[in-house]
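Residue numbers for the sequence shown follow UniProt numbering, beginning at 1 and rising by one. Backbone N, C-alpha and C fix where the C-beta goes; we use that ideal spot for every residue, glycine too. Please read all numbers here as calculations on a predicted model, not as lab measurements. Reviewing the structure listed below.
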Amino acid sequence: MTEGWLAHSKQRHSPHADERPDATDISLLVVHGISLPAGQFGGPFIDDLFMGKLNPQAHADFAPLAGLRVSAHCLIRRDGELLQYVPFHRRAWHAGRSHYCGRKRCNDFSIGIELEGTDHTPYTEQQYQVLAEVAAQLVQYYPALTAQRIVGHQHIAPVRKTDPGPAFDWAYFRQLLDQHLVR
């Protein structure tokens, strides 16, 4: 990792990020699921959203997203391609209104990783492998981030969000993560 960027990622620089209140306080990893349009994979729309270039007229579902300023640190596509939008020491805008272990504003102290998918579509083997590899690197790099502090968006915003949803196999992901951590 160099200056908060993963060497093996395709690096994009989202304008939707800012400085964390405390850049040393990275203690949570949040797993998300996203597809644009809903239920469709591939295409440029997730990238356009995170880069602030989504055309709200490109699809009927995009009208509510007009002017939305959102990003994630990383996106893992269905084929395992890893894109990074925000260096980890900066705050990405992925969690929204959220809380974890009595703390609000999870964006302040978390890293957000989006998986291209839906709540009810199984995620791919490539996505699990890349997520486990990246999560292991982050756990080893940030002392306050532990394997137990990896959660879904649904866990930090349970009334508002459901992702990555029941299709995400937490047990399998944790098994892969453990394998990476013992190496």
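* **Sequence-distant residues of the same chain with beta carbon closer than 8 Å to Pro-158, five excluded per side** => none
* To do: Measure the alpha-carbon distance for Gly-33 versus Phe-41 and round it to whole angstroms.
  => 11 Å
* Take Ala-66 and list the residues in its own chain whose beta-carbon comes closer than 6 Å to its own, dropping the five residues that flank it on each side. => Pro-56
* Measuring alpha carbon to alpha carbon, tell me which of Gln-179, Ala-167, His-94 and Met-1 ends up nearest Asp-119. => Ala-167
* To do: Say whether the region 6–13 touches the region 81–100, bearing in mind that this needs 3 or more beta-carbon pairs closer than 8 Å, one atom from each stretch.
  => yes
* To do: Taking Glu-116 and Ile-76 to be in contact with their CB atoms under 8 Å, please state how far apart those CB atoms are, rounded to whole angstroms.
  => 7 Å
* Asked: Among Glu-133, Arg-20 and Thr-121, which one has its Cα closest to the Cα of His-164?
  -> Residue 164 is actually Pro in this sequence, not His. Closest option to Pro-164, Cα to Cα, is Thr-121.
* Would you mind giving the Cβ-Cβ distance between Leu-29 and Arg-149, rounded to the nearest angstrom? I have them listed as a contact below 8 Å. => 7 Å
* Asked: Which residues in the same chain as Ala-136 place their Cβ atom closer than 7 Å to its Cβ, once the five residues preceding and following it in sequence are excluded?
  -> Leu-177, His-180 and Leu-181
* Asked: Which runs of the alpha helix (DSSP H) spanning at least 4 residues fall entirely within the UniProt domain "N-acetylmuramoyl-L-alanine amidase" (14–165), listed in chain order?
  -> 45–50, 125–141 and 153–156
* From Leu-54, Ser-71, His-73 and Ala-72, pick the residue whose C-alpha is nearest to that of Pro-64; which is it? -> Leu-54
* **Span of the alpha helix (DSSP H), counted from its first residue to its last, around Phe-173** => 170–181
* Asked: Does the distance from the C-beta atom of His-16 to that of Val-70 stay below 9 Å?
  -> yes
* Where Lys-104 falls, given that 16 or more other Cβ within 10 Å makes a residue buried -> exposed
* **Nonlocal neighbours in the same chain, by C-beta distance under 8 Å from Ala-38, ignoring five residues either side** => Asp-61 and Thr-118
* Straight-line Cα distance separating Ala-72 from Phe-109 -> 13 Å
* Inter-residue Cα distance where the pair is Arg-97 and Thr-2 -> 30 Å
* Measure the beta-carbon distance from Ala-144 to Asp-25 and round it to whole angstroms, keeping in mind my assumption that it falls under 8 Å. => 7 Å
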